[in-house]
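Accompanying notes for the structure given below.
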Amino acid sequence: MSRNRTAMLTLAQIALGGAVGAIIGSIGYFVMGNLLWGKFLAPVISGGIFYAIFVLITFLITYGIVVVCVGESVRLVTYWMQKKTIPRKIVYQGVFLGIPAAAALISMATYDWSSMDMGLFPGTFILSIIRVIASIVSAPVKILLFFKFPPILLYIISAPVGAIIGYRLATPEQLTENSKA
0 MSRNRTAMLT
10 LAQIALGGAV
20 GAIIGSIGYF
30 VMGNLLWGKF
40 LAPVISGGIF
50 YAIFVLITFL
60 ITYGIVVVCV
70 GESVRLVTYW
80 MQKKTIPRKI
90 VYQGVFLGIP
100 AAAALISMAT
110 YDWSSMDMGL
120 FPGTFILSII
130 RVIASIVSAP
140 VKILLFFKFP
150 PILLYIISAP
160 VGAIIGYRLA
170 TPEQLTENSK
180 A
């Protein structure tokens, strides 16, 4: 496949995956958070462990909806443009890990490293090495956040990018093994 066609495929996957994930995820959050939670469960449960459990369930269901929608839209774009299918397992793994990776990069970019200053503690040298590595890894995100790029767009883009990375880095054995299942 040519470079232009590969670039168009990647951009189409990111655009459709991000749009579908954002729209369906917002609808899922509205249904779970406002309708189910706000109308039925919130008046009954005022706090405590049950409140925390239901908030966690709401988050997990919404996250699962986003993973499935983004993964299927990336697979659909691949089928439309290349007439080949890619395994669900690999795509879902990429989507599942893409969003937490964006959260980690944003956390590293916005973390106040001066709060970790420990004086003459022996681990200070190791901490300074970690600080340099984290600064290098999170530099693109730090630049985007400096120019007021909305963090929610990083999360929207990270899900389809994770899916693309997931299936592009898969070995041929994984692709054939998972396509049989």
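Residue 0 is where the sequence shown starts when you use numbering that gives the first Met the number 0, and the numbers rise one by one after that. Note that the Cβ used here is the ideal one computed from N, Cα and C, for glycine as well.
Note that the C-beta distance between cysteine 68 and valine 30 is not below 9 Å. Listed in chain order, the non-local C-beta contacts of valine 160 below 7 Å within the same chain comprise Ile13 and Gly97, local neighbours out to five positions each way being set aside. Counting along the chain, no alpha helix (DSSP H) covers leucine 35, and no H or E run does either. For the options Ala108, Leu75, Arg87 and Glu172, the alpha carbon positioned closest to that of phenylalanine 145 is the one of Ala108. Following the DSSP letters along the chain, one finds tyrosine 78 inside the alpha helix (DSSP H) bounded by residues 48 to 81.
Per DSSP, the continuous alpha helix (DSSP H) segment holding alanine 138 begins and ends at 138 to 145.
CA-to-CA, the gap between phenylalanine 53 and phenylalanine 39 works out to about 12 Å.
Contact annotation: serine 72 and glycine 27 have beta-carbon atoms that are not nearer than 9 Å.
For alanine 21, the uninterrupted alpha helix (DSSP H) segment begins and ends at 2 to 28. Out of Trp112, Ser25, Val76 and Thr175, the CA that lies nearest to the CA of alanine 133 is found in Trp112. Comparing C-alpha distances from alanine 101 to each of Ser114, Leu143, Ile60 and Phe120 shows the shortest one belongs to Leu143.
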